[in-house]
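Just so we're on the same page, my numbering is the position in the sequence shown counted from 1, plus 2. Built from N, CA and C at the ideal position, the CB exists for glycine as well. Here the structure is laid out as structure tokens; the discussion comes afterwards.
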Amino acid sequence: MTQTNPQMPSFNLWTEAWISVERPGGGLEALNLWQTLSEAHLIRALYEPSPLVVVAIHRLLVAILQAALRPQQPSDLAQIWRGGQFSTEKLQAFAAAYAQRFDLFSAEAPFLQSADLGLQPAKGDNVKPVGYLLSEQPAGTAVTHYNHTYDNRQQFCSRCAAKGLLTIPAFASSGGAGIKPSINGVPPIYVVPGGATLFHSLAASLTLPAYQPPNFQPQYAEYDTPWWEHEPIVPKKGIVRRVGYLHSLTFPARRVRLHPRPGQAPCTRCGQMTPWHTATMIYEMGESRPDDAAWWRDPFAAYRPPKEGEQPTPIRPVEGRAIWREFVALFLPVNRDHRPVILNQLTDSDRIRNVLPYSRDAPIPLRIIGVRTDMKMKTFEWQESGFDVPPRLLTDPDSAKYVEKSLEFARQCDNISKSVFDKWFEKRFQSVKTAMSQQYWQQLGQTFHHHIQQYSAQADAEALLRAWLQQTIRQAIAAFQAAVETLPDDGHTLRQRIEAVNRCRAGLYGYLNKTYPQEETP
Numbered sequence: 003m004t005q006t007n008p009q010m011p012s013f014n015l016w017t018e019a020w021i022s023v024e025r026p027g028g029g030l031e032a033l034n035l036w037q038t039l040s041e042a043h044l045i046r047a048l049y050e051p052s053p054l055v056v057v058a059i060h061r062l063l064v065a066i067l068q069a070a071l072r073p074q075q076p077s078d079l080a081q082i083w084r085g086g087q088f089s090t091e092k093l094q095a096f097a098a099a100y101a102q103r104f105d106l107f108s109a110e111a112p113f114l115q116s117a118d119l120g121l122q123p124a125k126g127d128n129v130k131p132v133g134y135l136l137s138e139q140p141a142g143t144a145v146t147h148y149n150h151t152y153d154n155r156q157q158f159c160s161r162c163a164a165k166g167l168l169t170i171p172a173f174a175s176s177g178g179a180g181i182k183p184s185i186n187g188v189p190p191i192y193v194v195p196g197g198a199t200l201f202h203s204l205a206a207s208l209t210l211p212a213y214q215p216p217n218f219q220p221q222y223a224e225y226d227t228p229w230w231e232h233e234p235i236v237p238k239k240g241i242v243r244r245v246g247y248l249h250s251l252t253f254p255a256r257r258v259r260l261h262p263r264p265g266q267a268p269c270t271r272c273g274q275m276t277p278w279h280t281a282t283m284i285y286e287m288g289e290s291r292p293d294d295a296a297w298w299r300d301p302f303a304a305y306r307p308p309k310e311g312e313q314p315t316p317i318r319p320v321e322g323r324a325i326w327r328e329f330v331a332l333f334l335p336v337n338r339d340h341r342p343v344i345l346n347q348l349t350d351s352d353r354i355r356n357v358l359p360y361s362r363d364a365p366i367p368l369r370i371i372g373v374r375t376d377m378k379m380k381t382f383e384w385q386e387s388g389f390d391v392p393p394r395l396l397t398d399p400d401s402a403k404y405v406e407k408s409l410e411f412a413r414q415c416d417n418i419s420k421s422v423f424d425k426w427f428e429k430r431f432q433s434v435k436t437a438m439s440q441q442y443w444q445q446l447g448q449t450f451h452h453h454i455q456q457y458s459a460q461a462d463a464e465a466l467l468r469a470w471l472q473q474t475i476r477q478a479i480a481a482f483q484a485a486v487e488t489l490p491d492d493g494h495t496l497r498q499r500i501e502a503v504n505r506c507r508a509g510l511y512g513y514l515n516k517t518y519p520q521e522e523t524p
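Printed below as a string of structure tokens:
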């Protein structure tokens with residue numbers, strides 16, 4: 003939009019186009035917050051090269067909708083679903099009260115920044131390059147990924163600066179002495195509901211008070227201060243003892259102040275230009291919860307059951323482990339007390355389930371996104387996958403146990419293959435064994451996606467399991483054969499290769515017959 007005063011920096015996310023979306027026909031468009039929310043039913047999905055930014059924007063949109071619509075009981079959510087779009091009247095009321103709090107460069111209340119810091123660096127300020135806002139950008143001593151540039155050559159357009167700020171609540175990790183992660187600790191894997199439109203995705207992400215942290219007690223709402231109600235000053239290393247759900251979605255884990263520069267300059271991240279851009283900022287530790295704080299259960303994260311005397315820990319990406327292998331913990335009711343609460347809400351109430359835009363037996367689209375770190379300041383990769391999960395698997399513990407058995411069988415087959423490899427081949431071929439395991443899981447992942455979609459309401463779970471067992475063994479043998487064929491083909495090794503494949507096959511079918519005696523070896 004046109005600047006009313008070119009000397010005063012301004013970029014208000016409520017009125018300026020900055021969110022990239024995909025329309026149903028495949029076209030891309032940049033919209034502001036008002037357009038994105040009021041037209042959500044006309045938008046296919048958020049569109050971003052970084053899945054971390056997708057999660058960040060999704061969580062901001064959810065926070066705004068929670069504040070504007072205030073669903074309190076299942077009938078409220080059902081009414082939203084039946085409406086087919088978000089109430090423009092309620093969104094306009096929200097905008098009238100809070101739109102001014104979304105200006106990136108406001109002198110008095112900058113969005114997700116601390117107003118006591120100057121718009122320009124002052125003497126003694128610890129100025130940082132703007133690249134620190136996004137983990138895929140090279141900055142300081144961070145891991146350099148696909149983008150190589152010097153700190154002093156980076157500059158973000160206002161759009162990308164906003165997206166970087168938004169990743170802080172969900173993905174800020176540890177960053178050296180005194181720099182703590184955000185409210186969810188080292189970033190977890192997030193589960194994001196999907197659908198045919200952005201409206202479906204966002205409506206499925208709205209939660210009732212009974213499904214919100216902290217401790218799922220509605221009275222905590224009186225302490226809830228999302229950013230638009232938060233003091234515009236973020237205390238350095240401030241300890242926050244009371245946190246509400248909307249506060250958590252916009253949690254200022256870093257004390258930031260962007261330094262805007264006038265003039266059209268290409269963004270080093272996206273190549274676009276806005277009237278104001280930024281190359282430097284103040285970037286310090288902001289808010290955190292005390293070390294002895296109670297478990298914070300984010301509705302979109304899954305957790306591992308704790309050991310005695312400990313708190314549950316979020317499920318995070320693990321090096322060398324495909325993200326789909328966390329399917330049981332992420333989705334299934336066998337871990338209902340630790341899977342994402344948003345899934346419990348979607349399946350608990352018939353009043354909600356009856357108005358969802360999926361038939362009773364149609365798979366529910368779910369997207370999973372996470373970032374792998376060293377549990378400290380280094381970011382290695384983001385991981386992303388998607389599943390169309392049949393409602394039966396989300397609601398029926400007995401069916402879920404069959405999937406749990408399927409994945410455990412696959413894990414044991416991998417162990418058997420690696421054990422046979424170790425017995426027959428020298429240690430200098432360890433890299434071949436590692437590649438074999440990776441190839442096995444990669445190929446099996448495609449099979450698994452197809453496998454779970456067969457769990458319709460009428461499907462025979464026992465028959466599906468039996469088919470999976472045979473498919474898994476075949477793929478394990480194929481991966482083993484492909485691996486040993488890369489080894490030297492001299493006479494001695496060639497004989498080893500043949501015998502090792504036979505031993506691998508025998509070991510796999512032996513385990514099958516021991517674990518599931520009804521299976522017959524072909």
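Rounded C-alpha distance that separates residue i from residue j
i: residue 234; j: residue 243; result: 18 Å
i: residue 116; j: residue 11; result: 16 Å
i: residue 337; j: residue 350; result: 15 Å
i: residue 114; j: residue 229; result: 7 Å
i: residue 22; j: residue 47; result: 9 Å
i: residue 185; j: residue 456; result: 38 Å
i: residue 509; j: residue 489; result: 21 Å
i: residue 376; j: residue 189; result: 11 Å
i: residue 203; j: residue 197; result: 5 Å
i: residue 137; j: residue 123; result: 23 Å
i: residue 92; j: residue 71; result: 7 Å
i: residue 132; j: residue 263; result: 12 Å
i: residue 49; j: residue 474; result: 35 Å
i: residue 247; j: residue 69; result: 11 Å
i: residue 284; j: residue 98; result: 30 Å
i: residue 481; j: residue 502; result: 13 Å
i: residue 461; j: residue 342; result: 26 Å
Residue i (DSSP reduced to helix, strand or coil)
i: residue 388; result: strand
i: residue 382; result: strand
i: residue 138; result: coil
i: residue 278; result: strand
i: residue 89; result: coil
i: residue 438; result: helix
i: residue 203; result: helix
i: residue 169; result: helix
i: residue 335; result: helix
i: residue 114; result: coil
i: residue 56; result: helix
i: residue 250; result: helix
i: residue 188; result: coil
i: residue 260; result: strand
i: residue 504; result: helix
i: residue 17; result: coil
i: residue 272; result: coil
i: residue 516; result: helix
i: residue 393; result: helix
i: residue 404; result: helix
i: residue 409; result: helix
i: residue 105; result: strand
With 16 other Cβ atoms within 10 Å as the buried cut-off, status of residue i
i: residue 296; result: exposed
i: residue 519; result: exposed
i: residue 105; result: buried
i: residue 418; result: buried
i: residue 328; result: buried
i: residue 3; result: Any reading at residue 3 must be qualified, since the residue scores a pLDDT of 42, below 50, and its modelled position is unreliable; the value itself is stated next. Under this definition residue 3 is an exposed residue.
i: residue 497; result: exposed
i: residue 163; result: buried
i: residue 62; result: buried
i: residue 466; result: buried
Beta-carbon gap between residue i and residue j smaller than 9 Å
i: residue 195; j: residue 252; result: no
i: residue 35; j: residue 167; result: no
i: residue 88; j: residue 280; result: no
i: residue 290; j: residue 241; result: yes
i: residue 199; j: residue 370; result: no
i: residue 175; j: residue 107; result: no
i: residue 54; j: residue 373; result: yes
i: residue 401; j: residue 409; result: no
Check: residue i C-beta below 8 Å from any heavy atom of the ligand GDP
i: residue 203; result: As far as ligands go, the structure on display features none, and thus does not contain the ligand GDP.
Scan the region 448–485 and note each continuous beta strand (DSSP E) run of 3 residues or more that stays entirely inside, going in chain order. The qualifying runs do not exist here; there are none.
Give, in chain order, every unbroken run of the beta strand (DSSP E) that is at least 3 residues long and sits entirely within the region 343–380. As far as the region 343–380 is concerned, its whole beta strand (DSSP E) runs of at least 3 residues are 366–375.
Would you list, in sequence order, the uninterrupted alpha helix (DSSP H) runs of no fewer than 4 residues that lie entirely inside the region 33–83? Segments of the alpha helix (DSSP H) lying fully in the region 33–83: 35–40 and 53–71.
Minimum length 4: unbroken alpha helix (DSSP H) runs contained in the region 278–333: Counting whole runs of 4 or more residues, the region 278–333 contains the alpha helix (DSSP H) stretches 329–333.
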